[in-house]
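The structure appears below as structure tokens.
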Amino acid sequence: METIFDKTFTTEDYTSIMLTKANYENCEFIDCNFNQCDFSEMSFSDCTFKTCNLSMTIMNKTAMKNVDINECRITGVHFEDCNPFLFSIHCEGCPMEFSTFVQMDLKRSTFIDCQMINVDFTEADLSGLELDGCDLYDAIFEGTNLKDCNLSNARNYTIHPDKNKLRGSRHSIHQIKGLLEHYDLIIE
Numbered sequence: 005m006e007t008i009f010d011k012t013f014t015t016e017d018y019t020s021i022m023l024t025k026a027n028y029e030n031c032e033f034i035d036c037n038f039n040q041c042d043f044s045e046m047s048f049s050d051c052t053f054k055t056c057n058l059s060m061t062i063m064n065k066t067a068m069k070n071v072d073i074n075e076c077r078i079t080g081v082h083f084e085d086c087n088p089f090l091f092s093i094h095c096e097g098c099p100m101e102f103s104t105f106v107q108m109d110l111k112r113s114t115f116i117d118c119q120m121i122n123v124d125f126t127e128a129d130l131s132g133l134e135l136d137g138c139d140l141y142d143a144i145f146e147g148t149n150l151k152d153c154n155l156s157n158a159r160n161y162t163i164h165p166d167k168n169k170l171r172g173s174r175h176s177i178h179q180i181k182g183l184l185e186h187y188d189l190i191i192e
């Protein structure tokens with residue numbers, strides 16, 4: 005497969021023409037539309053996506069190694085289909101509704117100020133992760149490892165303490181209700 009180095013792609017619409025199936029290294033994608041594009045078996049290493057639409061992209065065996073994703077729409081993406089080897093994404097200011105990270109190791113990833121509404125973290129490893137400023141409304145946490153995870157600046161989450169690993173995780177006093185909701189307690 006071809007390798008493309010140090011190239012910038014700007015305002016491209018890949019909904020009608022397909023992005024070349026290749027290994028992309030140190031490339032930058034700015035204002036590109038990848039809605040429903042197939043990234044299967046492609047590789048992105050040290051790449052940056054800025055203000056792109058990545059919604060519903062197909063990630064079958066896609067390698068994502070140290071990828072920065074800034075202010076991109078990432079709705080409905082199944083990241084668990086990616087190649088897990090050295091998986092590392094750094095998302096900031098991204099709407100990520102209905103995306104899934106089932107059984108993924110996210111320890112090398114970061115999420116800052118992302119709208120992670122209805123995101124599925126079932127059996128994912130978020131240990132040591134910081135979800136700084138993220139909105140986790142209706143996010144799914146089942147069998148999730150949140151050991152030492154910093155949720156102190158996250159909001160709108162509900163996590164069942166008996167069904168997840170929470171030892172050492174940090175929470176804001178304002179989010180305590182999200183941890184105790186399953187116990188039918190009245191918190192005033």
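In our numbering, the protein residues as written are 5 to 192.
Cβ atoms here follow ideal geometry from the backbone N, Cα and C, with glycine treated the same way.
Closest Cα partner of residue i within the set the options
i: residue 20; options: 42, 97, 7 and 27; result: 42
i: residue 24; options: 46, 34 and 142; result: 46
i: residue 33; options: 54, 50 and 40; result: 54
i: residue 111; options: 117, 184, 123 and 89; result: 89
i: residue 164; options: 177, 184 and 152; result: 184
Cβ shell of residue i (< 8 Å), same chain only, five flanking positions each side left out
i: residue 37; result: 16, 17, 18, 19, 56 and 57
i: residue 113; result: 91, 92, 93, 94, 95 and 133
i: residue 196; result: Outside the displayed span of the chain (5 to 192) sits residue 196, for which this structure offers no information.
Nearest-angstrom Cα separation, counted from residue j out to residue i
i: residue 167; j: residue 108; result: 17 Å
i: residue 135; j: residue 96; result: 10 Å
i: residue 9; j: residue 146; result: 39 Å
i: residue 13; j: residue 100; result: 22 Å
i: residue 159; j: residue 39; result: 28 Å
i: residue 71; j: residue 60; result: 18 Å
i: residue 81; j: residue 5; result: 24 Å
i: residue 157; j: residue 30; result: 31 Å
i: residue 50; j: residue 128; result: 23 Å
Same chain, Cβ closer than 6 Å to residue i, five either side skipped, listed in chain order
i: residue 86; result: 63, 66 and 68
CB-CB length for residue i against residue j, believed under 8 Å
i: residue 84; j: residue 102; result: Not a contact, Cβ separation roughly 13 Å.
i: residue 155; j: residue 131; result: Wrong, their Cβ atoms sit about 12 Å apart, outside the cutoff.
i: residue 139; j: residue 122; result: About 11 Å separates the two Cβ atoms, so there is no contact after all.
i: residue 27; j: residue 7; result: 4 Å
Residue i, buried or exposed, once every other Cβ within 10 Å from all chains shown has been counted against 16
i: residue 188; result: exposed
i: residue 175; result: buried
i: residue 120; result: buried
Residues near residue i by beta carbon distance below 7 Å, same chain, minus five either side
i: residue 125; result: 105, 143, 144, 145 and 148
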